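**Student:** Protein chains in written order, with my numbering: chain H, 553 to 719; chain Z, 177 to 276.
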């Protein structure tokens, strides 16, 4: 096994373990910490794929900002251990099977359609950050500007939703 | 060199786990986190194909997905705070006002 393959399997195992832990943990704060593990592992995979900028953004925005927001809300609401209400065991087993089938179907479909891509596999030596900045500010400049409106609307919406009503 | 299909399979596994958590968890915050997990799985597929094709479009799309996820997290958590304040619970089973 080559070194990139070993690193891939380590990071992939870390990501899957984190995702399973997100499901198994009873307390939301433990689930949030598991999700941070998944995001750090994914950032490592992006580095392995030669996408340095996306890896940095993944850690800063996802692992930093968004997860801090989650942890903040969990603590603000004083969320306790998840109470267990009526999830029937009969529905659970077929549900698990269906989820496995879904993942298998998605993987099979995409892998089959990506067979043609495999032959033209690039060596991943290109430095991606200058190329990304070129694309964002030339080809995708209007969508990029529109996202600032999206953020503005989101900020206003969150403020309106979360403010205490005046009585 | 790691084959692209490995990344795609990992992406599908993570997406499946996200769907599972979305369906089976009862805490509304954890359900919201499972949505983020699914978004991350899709991002991984985007970056893998971007590298396989030697084009950067996929990585730019990932940046847009991250921006939308941040906006979604802000609004979604605002809604969660509102639900917690009005119904004093985070359990989705107890937020059943529309249920007949």
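Every residue gets a Cβ at the ideal spot worked out from N, C-alpha and C, and that includes glycine.
Predicted model only: the values in this text are computed from it and were never measured.
Taking the beta carbon of residue 555(H) as the centre, do at least 16 other beta carbons fall within 10 Å, making it buried, or is it exposed?
**Tutor:** Looking up residue 555(H) in the first chain gives position 3. Result: exposed.
**Student:** Let me know if residue 216(Z) comes out buried or exposed under the rule of 16 or more other beta-carbons within 10 Å of its beta-carbon.
**Tutor:** Locating residue 216(Z) in the second chain gives position 40, where the first residue counts as 1. With 16 or more other Cβ atoms within 10 Å, it is buried.
**Student:** Any idea which residues DSSP pairs residue 267(Z) with across the strands?
**Tutor:** For the purposes of this step, residue 267(Z) is taken as the residue at position 91 of the second chain. Partner(s): 203(Z).
**Student:** Determine whether the beta carbon atoms of residue 239(Z) and residue 684(H) lie at a separation below 9 Å.
**Tutor:** As a position in the second chain, residue 239(Z) is number 63, starting the count at 1. As a position in the first chain, residue 684(H) is number 132, starting the count at 1. Cβ distance < 9 Å, so residue 239(Z) and residue 684(H) count as in contact.
**Student:** For residue 620(H), report the span of its alpha helix (DSSP H) as first-last.
**Tutor:** What you label residue 620(H) is simply residue 68 of the first chain in a count that begins at 1. Element bounds for residue 620(H): 619-628.
**Student:** Of all the residues that make up the region 196-219 of chain Z, which are near chain H by a beta-carbon distance shorter than 8 Å?
**Tutor:** Hits within the stretch, in order: 196, 197, 199, 200, 201, 202, 203, 205, 206, 208, 209, 210, 212, 213, 216 and 219.
**Student:** Near residue 232(Z), which residues of its chain fall below 8 Å by C-beta distance, leaving aside the five closest residues on each side in sequence?
**Tutor:** Working through the second chain from its first residue, we reach residue 232(Z) at position 56. Same-chain partners within the cutoff: 226.
**Student:** Excluding the 5 residues flanking residue 573(H) on each side, which residues of the same chain have their C-beta closer than 7 Å to its C-beta?
**Tutor:** The residue labelled residue 573(H) in the question sits at position 21 within the first chain. So the qualifying residues of the chain are 586.
**Student:** Indicate the three-state DSSP secondary structure (helix, strand or coil) for residue 227(Z) in the structure shown.
**Tutor:** Reading the second chain from its first residue, position 51 is the one you call residue 227(Z). Three-state result, residue 227(Z): helix.
**Student:** Please tell me whether residue 236(Z) has its Cβ less than 9 Å away from any Cβ of chain H.
**Tutor:** Residue 236(Z) sits at position 60 when you count from the first residue of the second chain. At least one chain H Cβ lies under 9 Å of residue 236(Z).
**Student:** Decide if residue 644(H) is buried, meaning its Cβ has at least 16 other Cβ atoms within 10 Å, or exposed.
**Tutor:** Translated into the one-based positions of the first chain, residue 644(H) becomes position 92. Exposed is the call here.
**Student:** DSSP on residue 604(H), reduced to helix/strand/coil?
**Tutor:** In the first chain, counting from the first residue as 1, residue 604(H) sits at position 52. DSSP places residue 604(H) in helix when its eight states are reduced to three.
**Student:** Give the residues of chain H in contact with residue 223(Z), contact being defined as C-beta atoms less than 7 Å apart.
**Tutor:** On the second chain, position 47 is the one that residue 223(Z) refers to. Neighbours of residue 223(Z) on chain H, chain order: 598, 601, 603 and 606.
**Student:** Using the rule of at least 16 other Cβ atoms within 10 Å of the residue's Cβ for burial, across every protein chain shown, is residue 694(H) buried or exposed?
**Tutor:** Numbered from its first residue, the first chain carries residue 694(H) at position 142. The residue is exposed, with fewer than 16 neighbouring Cβ atoms inside 10 Å.
**Student:** Rounded to whole angstroms, what's the CA-CA distance from residue 608(H) to residue 653(H)? Just pull it up for me.
**Tutor:** In the first chain, residue 608(H) corresponds to position 56, counting from 1. In the first chain, residue 653(H) corresponds to position 101, counting from 1. Cα to Cα, residue 608(H) sits roughly 33 Å from residue 653(H).
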